[in-house]
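To start, the structure itself, in structure tokens.
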Amino acid sequence: MTHPQPIQASWLSRCSTAVAPELLGCTLVRCFPDGRVVRGQIVETEAYTADDPACHAYRRRSLRNAVMFGPAGWAYVYLIYGMYHCLNVVTDLDGVASAVLIRALTLDPIPSWVDLGKGKPERVAAGPGKLCRALQINLSLSETRFAPGQPLWLEHRSLEVQHQFEQAERSEPQHGLESTTAGATSATNSLIVQTTRIGITQGVDLPWRWYVGGCKAVSKR
DNA sequence: TACGGGATCTGT
DNA sequence: CAGATCCCGTAA
Numbered sequence: 001m002t003h004p005q006p007i008q009a010s011w012l013s014r015c016s017t018a019v020a021p022e023l024l025g026c027t028l029v030r031c032f033p034d035g036r037v038v039r040g041q042i043v044e045t046e047a048y049t050a051d052d053p054a055c056h057a058y059r060r061r062s063l064r065n066a067v068m069f070g071p072a073g074w075a076y077v078y079l080i081y082g083m084y085h086c087l088n089v090v091t092d093l094d095g096v097a098s099a100v101l102i103r104a105l106t107l108d109p110i111p112s113w114v115d116l117g118k119g120k121p122e123r124v125a126a127g128p129g130k131l132c133r134a135l136q137i138n139l140s141l142s143e144t145r146f147a148p149g150q151p152l153w154l155e156h157r158s159l160e161v162q163h164q165f166e167q168a169e170r171s172e173p174q175h176g177l178e179s180t181t182a183g184a185t186s187a188t189n190s191l192i193v194q195t196t197r198i199g200i201t202q203g204v205d206l207p208w209r210w211y212v213g214g215c216k217a218v219s220k221r
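Here the first sequence is numbered in the working numbering, starting from 1 and rising by one per residue.
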């Protein structure tokens, strides 16, 4: 068991559509001022790019979206529907407005101070709004850097998780893409499913959502 | 300055 | 399927 490897800004400094699937299986770390730490495995992501009409930075640079135009490795948090927050990881080169929305986490174990509410524990961080509620992520964390010692940082897939993903790729004899429900496609030999994004009205057909197949924390639709 | 819609979630 | 609830982009 090796210790966790923090994700550097350079690794995130690529197109969001490349980063988003690779963030699956990685760990989001939330560190509170008193030192308490919550770790969650990322199981669902979406990519947003500069020329993507669904992207908050599509039209112009503004006070809210400015951080997306900057270098990779910063947090973009926004308030949605007046009551939920959503967490994004800024990606790509300085000047290229893009980000990955973190849509779901599995928390194992769930720390005692995380509010379970009612409902299944495996769904405490199922959905972009719920994961921010569970980890107490709000606007004050927007425009902070993902780095160890900060309130938020990211860690690469553990060896175990990496093996899981690779093993899944080996487990089936070679096949092409297999169509599942509603246009979702997944290689029969991969844990990762790629499909269209959720909750948007523009860019609806872009297949820029990825999730870990079979995971209970993934949005259902 | 005013207005309306939104990368959500829950309960009916 | 409606409602909660508030910020921000757009138009005036």
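Glycine included, every Cβ here is placed at the ideal spot set by N, Cα and C.
Candidates the options, of which the one nearest residue i by Cα
i: Thr-45; options: Pro-121, Gly-149, Asn-88 and Arg-170; result: Asn-88
i: Leu-24; options: Ser-10, Gly-35 and Gly-40; result: Gly-40
i: Val-29; options: Pro-6, Thr-49, Tyr-58 and Arg-14; result: Pro-6
i: Pro-4; options: Ala-147, Glu-166, Leu-191 and Gln-194; result: Ala-147
i: Asp-94; options: Met-68, Ala-104, Pro-109 and Gly-119; result: Met-68
i: His-163; options: Pro-53, Pro-151 and Cys-26; result: Cys-26
i: Val-77; options: Thr-195, Val-37 and Arg-145; result: Arg-145
i: Val-96; options: Lys-130, Phe-165, Leu-107 and Arg-60; result: Arg-60
Reduced DSSP secondary structure (H/G/I, E/B, other) of residue i
i: Leu-139; result: helix
i: His-85; result: strand
i: Val-96; result: coil
i: Val-67; result: helix
i: Cys-31; result: strand
i: Pro-148; result: coil
i: Val-114; result: coil
i: Gln-174; result: Because the pLDDT at Gln-174 is just 40, under 50, the model does not fix this residue reliably, and the point stays unresolved.
i: Ala-182; result: Note that Ala-182 scores 49 on pLDDT, short of 50, meaning its location in the model is unreliable; the coordinates nonetheless yield the value given after this. Residue state, collapsed to three classes: helix.
i: Leu-159; result: helix
Beta-carbon separation (whole angstroms), residue i vs residue j, contact threshold 8 angstroms
i: Leu-72; j: Ala-9; result: In the sequence on display, residue 72 carries Ala and not Leu. Indeed they touch by this definition, with Cβ atoms about 5 angstroms apart.
Exposure of residue i, with buried meaning 16 or more beta-carbon neighbours within 10 Å
i: Ala-18; result: exposed
i: Val-204; result: exposed
Residues bridged to residue i [DSSP beta-bridge criterion]
i: Ile-198; result: Partner(s): none; Ile-198 has no beta bridge.
i: Tyr-58; result: For Tyr-58, which the question treats as bridged, DSSP gives no partner whatsoever.
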